[in-house]
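K.L.:
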Amino acid sequence: SQQGEEDPQALSIQEGENATMNCSYKTSINNLQWYRQNSGRGLVHLILIRSNEREKHSGRLRVTLDTSKKSSSLLITASRAADTASYFCATVTNSGNTPLVFGKGTRLSVIA
Amino acid sequence: ETGVTQSPTHLIKTRGQQVTLRCSSQSGHNTVSWYQQALGQGPQFIFQYYREEENGRGNFPPRFSGLQFPNYSSELNVNALELDDSALYLCASRPRGGITDTQYFGPGTRLTVL
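Residue numbers (our numbering), protein chains in the order written: chain A, 133 to 244; chain B, 353 to 466.
1. Can you give the Cα-Cα distance for Ser385/B and Val371/B, rounded to whole angstroms?
2. Using only the alpha-carbon positions, how far apart do Ala151/A and Ile161/A sit?
3. Quick check on Ala244/A: does DSSP put it in helix, strand or coil?
4. Would the beta-carbon of Leu164/A fall within 8 Å of that of Thr223/A?
5. At 3 residues or longer, and completely inside the region 422 to 455 of chain B: list those beta strand (DSSP E) runs for me, N to C.
6. Between which two residues does the beta strand (DSSP E) carrying Thr366/B extend?
7. If you check the beta carbons only, do Gln146/A and Thr238/A fall under 8 Å apart?
8. Would Leu232/A pass as an interface residue toward chain B - the criterion being a Cβ-Cβ separation below 8 Å?
9. Could you tell me whether any Cβ in chain B is nearer than 8 Å to the Cβ of Arg168/A?
10. Can you pull the DSSP bridge partners for Glu185/A?
11. Under a CB-based cut-off of 8 Å, is Gln378/B close to chain A?
12. Output, in sequence order along the chain, the residues in the region 420 to 439 of chain B whose CB is closer than 7 Å to any CB in chain A.
13. Please determine, among Gln388/B, Phe397/B and Tyr402/B, the residue with the shortest C-alpha to C-alpha distance to Pro447/B.
14. Is there contact here, the region 430 to 443 of chain B with the region 389 to 409 of chain B, by at least three beta-carbon pairs under 8 Å?
15. Compare the C-beta of Pro413/B with all C-beta atoms of chain A and state if any pair is closer than 8 Å.
16. Would you say Phe457/B faces chain A, with C-beta separation under 8 Å as the test?
17. Along the beta strand (DSSP E) that carries Phe399/B, what are the first and last residues, could you check?
18. Using only the alpha-carbon positions, how far apart do Val242/A and Leu391/B sit?
19. What's the C-alpha gap between Ile364/B and Lys188/A?
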């Protein structure tokens with residue numbers, strides 16, 4: 133079953149603009165991760181945020197986590213055509229042993 | 353580049369047949385998980401192996417089975433294929449002992465069942 137729900141399902145922006153994707157989940161978590169998938173291929177890990185963290189940065193990526201609302205957002209600043217991909221949030225319930233539970237993803241198109 | 357490889361890249365089978373998909377993890381990654389991703393959906397957890405033993409399973413029937421070998425390779429076997437088994441199958445590995453929850457995915461095998 134899917135844990136997270138990403139919003140929007142699809143997003144189209146111009147190069148240079150910022151892209152924001154949201155993720156909601158249902159149960160308590162240990163951490164939440166964001167992954168990128170290009171053209172139906174393997175997933176690439178972008179960033180992990182733990183339940184006791186509220187915000188995390190990595191390059192042009194900014195992730196926030198609100199455990200009271202069971203939601204997270206991924207912001208990509210100054211987007212590039214190469215950022216075109218599907219983005220998934222995935223939650224981990226218990227660190228160390230439990231699997232990733234994915235949402236359905238947001239399809240991002242960055243137009244040059 | 354995650355260092356995780358999968359074979360074959362694409363596969364076409366007919367209903368009722370059996371299939372074996374293969375994955376080679378990074379050296380030192382002794383936890384491997386398999387996921388099924390239907391078109392337009394997020395990946396769904398099938399099962400996980402740690403030190404060659406299954407130690408977690410998602411909502412998949414017993415005709416989905418696996419093996420993990422000491423050389424960090426693993427297999428996913430699916431018997432009695434059904435049309436709904438058509439999907440992208442992803443394997444993912446992690447370093448030993450669950451040091452990190454980050455998983456390293458292979459490029460996937462796209463299975464089509466006719």
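Note that the Cβ used here is the ideal one computed from N, Cα and C, for glycine as well.
P.N.:
Straight from the coordinates:
1. Going from the Cα of Ser385/B to the Cα of Val371/B covers about 18 Å.
2. Approximately 25 Å, taken between the alpha carbons.
3. If DSSP states are grouped into helix, strand and coil, Ala244/A belongs with coil.
4. For the 8 Å CB-CB criterion, Leu164/A and Thr223/A form a contact.
5. The qualifying runs are 425 to 430 and 439 to 446.
6. That residue, Thr366/B, is in no beta strand (DSSP E); it is neither H nor E in DSSP.
7. Contact flag unset, no.
8. Chain B places a beta carbon closer than 8 Å to that of Leu232/A, counting this residue as a contact.
9. Cβ-Cβ to chain B under 8 Å: no for Arg168/A.
10. Answer by DSSP bridge pairing: none, since Glu185/A is not bridged.
11. Not closer than 8 Å to any Cβ of chain A, the Cβ of Gln378/B fails to qualify, so no.
12. Look at the region 420 to 439 of chain B: it has no residue with a C-beta under 7 Å from a C-beta of chain A.
13. Comparing Cα positions, the closest option is Tyr402/B.
14. A contact between stretches requires three or more CB pairs, one per stretch, nearer than 8 Å, and the region 430 to 443 of chain B meets this requirement with the region 389 to 409 of chain B.
15. Look at Pro413/B: its C-beta is not under 8 Å from any C-beta on chain A.
16. In terms of beta-carbon proximity, Phe457/B lines the interface with chain A, with at least one pair separated by less than 8 Å.
17. In the DSSP annotation of this structure, the continuous segment of the beta strand (DSSP E) that includes Phe399/B starts and ends at Gln396 to Tyr402.
18. About 21 Å.
19. In a straight line, the C-alpha of Ile364/B is about 42 Å away from that of Lys188/A.
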